[in-house]
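Residue numbers (my numbering), protein chains in the order written: chain G, 3 to 344; chain U, 3 to 344.
Number of protein chains: 2
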Amino acid sequence: MATIGDVARAAGVARSTASYALSGRRAVSNEVRERVQQAAHELGYAPNAGARALATSQTMVIGLLAQFLPDEFAPAMLQYIQGVANTARDAGYDILLSSDPDGPKALKRITDSRMVDGVVLLNVAEYDDRLPVLRAASQPGALVGLPGDCTGVDVFDLDFEESGRTMVEHLHTLGHRELLLVSQPEHVIERGGAYVWRLQNAALETAAARGITVHAVYGSSAQPEIGRELHALLDAHPNVTGLLLNNEAAAAALPTVLHERNLSTPGDLSVIGRYSDEFARTFSLPFSSIESAPDRLGRMAVRQLVRRIEERVSVDAPHVVRFVAPDLVDRGSIAAPPSLPN
Amino acid sequence: MATIGDVARAAGVARSTASYALSGRRAVSNEVRERVQQAAHELGYAPNAGARALATSQTMVIGLLAQFLPDEFAPAMLQYIQGVANTARDAGYDILLSSDPDGPKALKRITDSRMVDGVVLLNVAEYDDRLPVLRAASQPGALVGLPGDCTGVDVFDLDFEESGRTMVEHLHTLGHRELLLVSQPEHVIERGGAYVWRLQNAALETAAARGITVHAVYGSSAQPEIGRELHALLDAHPNVTGLLLNNEAAAAALPTVLHERNLSTPGDLSVIGRYSDEFARTFSLPFSSIESAPDRLGRMAVRQLVRRIEERVSVDAPHVVRFVAPDLVDRGSIAAPPSLPN
DNA sequence: TAGATCAAGCGAACCGGTTCGATAAAACGG
DNA sequence: CCGTTTTATCGAACCGGTTCGCTTGATCTA
């Protein structure tokens, strides 16, 4: 493999001149620049990433810390990864993917050894072990998911409170008075998945304020358990006219359940979920939903991270905590409850 | 961040001695080794990846080239990625993930700049543009998916021929005489997805040899189109008693279709698919299937790649082309056809 | 006790880039 | 026409590791 020294020799100039000719960081005569570029092209010269990183302290690599948790819905994670990867590439960065179950260890290794210029954390929990490590690191970090303490990092997440409110308000306005909210399994919360109760609390508060009933339950995140649970729940709450789903597995299982019960939406039951449009297409879900916008969140995180890395924003510029407003995608599964002929 | 020079100074030895003390590549007195390790620990020393890569010409990073094609089933891809990522980590390697739609360009950049010690290519097509680039590169490569020309690379794939044969033989033995094989969309083949016709040809040949009928069709890979297509196909072939699926989307859509037609397996129809067990669980698919083993293929590719990188196998040792034997996972969707009361 | 062997540590060179300061030649102004 | 500025190039140092060869002093052997 040709080095810049080979290029310089072929062009008959000093190494430094070749470097300047290629980078354009200093003036070089047209004639020399062309000779250098020509030589570089002919030799198939490509700068050595390690050497450049050593010299410039920049790797042009972003670390992506994803954790594949057994009780999270894996396909959903893929969309975040794609959003991050695509945006990073457009910004000229490569991504180093870590799926190590020991997140803090992996993060420390990657940042300490200076393999990356910055880090994106997915799946951030209320109290996330990776955060102390990230704060101690010298590279900036952007999170997807809201932790309890946001100091020193940029944070992006869906507005789950507003999502919960929107769901309830929407159905209340149409005349519904008794709703069922199926959330993720309880141990997702215990592990720190605060978004579950952020949405749930907002839903319950809104219901209380409006004087209607929301039964909030936790559902399994695995098939076929969640299907059986949905059957049991619908049996137990015969007066429920609206179903709110903050649980991907439940959404995926619901079409079959409704079919088995011979129910249709929105005639017999109104349904609204919280998942991505991509997810809805993949599973052919006919339910209106709050868009969880994984690609957009991934993109926002990378954009802000790159801004910090390139210091177009000063190191101690205030960090942002940005919530994506929930967007309701109408797929026609919401209407007035059957008991109220409109 | 502390460098090895800082460690050496703190321990009162030369840089080289500190290096040897930490790597153990030369004898060092116990006393000095402990002093160096102590100093390294106190200073929080971590070697700079770029510098080490420059000095050793080893990055301990594996490139992973995945392409997210619009007509491939994205969740399936995730499992390959996980298999690769987990195995790489266990072998001490990090992974650089590229999802650039321009695979050859991305591959050339990554290998030329020596960011990686080796490369895993996912989703390899019959005539894959990335292969010439890979062969020209100085790092070894392992493929998941069978290209037309396997020279210079290690290849791992499911044995699709055997899969097709197994499907047909299995049903024929039980008494089925007319089967329907739903493959991926035709343009997956046109793009070079040869595994589609590898399975299909084997199925057709086996059927011919045994004197039974297999209707081979291409199905859409998107919802809800594939659901409608399945309805139309079942209408068009009323005498079919067995369904073979080489199309993830079709498998995901089938439970609803069967429900709508009030058919059950295996009573009315025997069904056998080709997908991973993980996929079956995620979608709660009750159909017996040929295990596509994405995690295993990812693991095999990385293992072999690491063996080449670490030259535990010589550079021009013969390359392997290894097919994973299809494993039939019985989920009880196969039985004798209804017309033949046993 | 002289000569050979060996262990332990040091210094220097190298990997392949980038960047700073110096220098020589060319252009400029008075 | 001479001093000053500008322009283009070069050489050297540096980033932070690893590795080779040499030196030194201790141990061993005859």
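From the three backbone atoms N, C-alpha and C, an ideal C-beta is built for every residue, glycine too.
As assigned by DSSP and simplified to three states, the class of residue i
i: L173(U); result: helix
i: T267(U); result: coil
i: G52(G); result: helix
i: E313(G); result: coil
i: H233(U); result: helix
i: R324(U); result: strand
i: R179(U); result: coil
i: F281(G); result: helix
i: R28(U); result: coil
i: D318(G); result: coil
i: F162(G); result: helix
i: N344(U); result: Below a pLDDT of 50, predicted positions are generally treated as unreliable, and N344(U), at 43, falls in that range; the measurement from the model is reported next regardless. Looking at N344(U) - three-state DSSP - the assignment turns out to be coil, as it is neither helix nor strand.
i: V273(U); result: strand
i: V331(G); result: strand
i: G300(G); result: helix
i: S294(G); result: coil
i: I336(G); result: coil
i: S185(G); result: strand
i: L287(G); result: coil
i: V15(G); result: coil
i: G46(G); result: coil
Chain-ordered chain U contacts of residue i [CB-CB under 9 Å]
i: S115(G); result: A48, P49, N50, A51, G52, R54
i: L80(G); result: F70, A76, P77, M79, L80, I83
i: M3(G); result: D114, R116, S140
i: S278(G); result: Within chain U, no residue comes near S278(G); the closest Cβ sits about 12 Å away, beyond 9 Å.
Under 9 Å from the C-beta of residue i: neighbouring residues of chain G
i: Q84(U); result: F70, A76, S101
i: L136(U); result: Within 9 Å Cβ-Cβ: nothing; L136(U) doesn't reach chain G, min ~15 Å.
i: D131(U); result: Chain G residues near D131(U): none, gap ~18 Å exceeds 9 Å.
i: I97(U); result: L98, L99, S100, S101
With 16 other Cβ atoms within 10 Å as the buried cut-off, status of residue i
i: E312(U); result: exposed
i: P320(U); result: exposed
i: N129(U); result: In the sequence under discussion, the amino acid at residue 129(U) is Tyr, which differs from the Asn named in the question. So Y129(U) ends up on the exposed side.
i: H174(U); result: buried
i: V15(G); result: buried
i: S266(U); result: exposed
i: P340(G); result: exposed
i: N241(U); result: exposed
i: S335(G); result: buried
i: G85(G); result: buried
i: Q40(U); result: exposed
i: P343(G); result: Here P343(G) scores only 46 on pLDDT, less than 50, and its place in the model should not be relied on; the value that follows carries that caveat. Burial call: exposed.
i: E192(G); result: exposed
i: T153(U); result: exposed
i: S140(U); result: exposed
i: A327(G); result: exposed
i: D156(U); result: buried
i: E36(G); result: exposed
i: Q60(G); result: exposed
Interface partners of residue i on chain G, CB under 8 Å
i: R298(U); result: Ordered by position in chain G, no residue passes the 8 Å Cβ test against R298(U), which lies about 17 Å from the chain.
i: R283(U); result: A224, Q225
i: R305(U); result: Per Cβ cutoff of 8 Å: no residues; R305(U) is ~17 Å from chain G at best.
i: T19(U); result: Neighbours of T19(U) on chain G: none; closest Cβ ~22 Å, over 8 Å.
i: R301(U); result: Under the 8 Å cutoff, chain G gives no residues; its nearest Cβ is about 14 Å from R301(U).
Proximal chain U residues relative to residue i, where beta-carbon distance stays under 8 Å
i: N88(G); result: S101
i: T267(G); result: None at all; the shortest Cβ gap to chain U is about 14 Å.
Where residue i meets chain G, residues with beta-carbon distance less than 7 Å
i: S291(U); result: Simply none; closest approach about 15 Å.
Residue i CB to nearest heavy atom of the ligand MG below 7 Å
i: A196(U); result: Within the structure as shown, the ligand MG is missing, as the structure has no ligands at all.
Quiz item: Can you list, in chain order, the residues of the segment 201-231 of chain G whose Cβ is nearer than 8 Å to any Cβ on chain U?
Solution: A224, Q225, P226, G229
Exercise. Jot down the residue ranges of each uninterrupted beta strand (DSSP E) in the segment 70-110 of chain G, minimum 3 residues, whole runs only, in chain order.
Key: 96-100
Quiz item: Enumerated in chain order, which unbroken segments of the beta strand (DSSP E) with a length of 3 residues or greater are wholly contained in the segment 104-154 of chain G?
Solution: 120-123, 143-146
Self-check item: Residues within the segment 246-262 of chain U neighbouring chain G, beta-carbon criterion of under 9 Å
Solution: A251, A254, A255, P257, T258, H261, E262
Quiz prompt | Sequence ranges, alpha helix (DSSP H) only - wholly within the segment 190-263 of chain G, length at least 4 | solution = 197-212, 227-238, 250-263
Quiz prompt | Within 8 Å of chain G by C-beta, residues of the segment 313-338 of chain U in sequence order | solution = none
Self-check item: Near-chain G residues of the segment 154-187 of chain U - C-beta to any C-beta below 8 Å
Solution: The segment 154-187 of chain U vs chain G, Cβ under 8 Å: nothing.
Quiz item: Listed from N- to C-terminal order along the chain, which residues in the segment 22-36 of chain U have their beta-carbon within a distance smaller than 7 Å of any beta-carbon of chain G?
Solution: none
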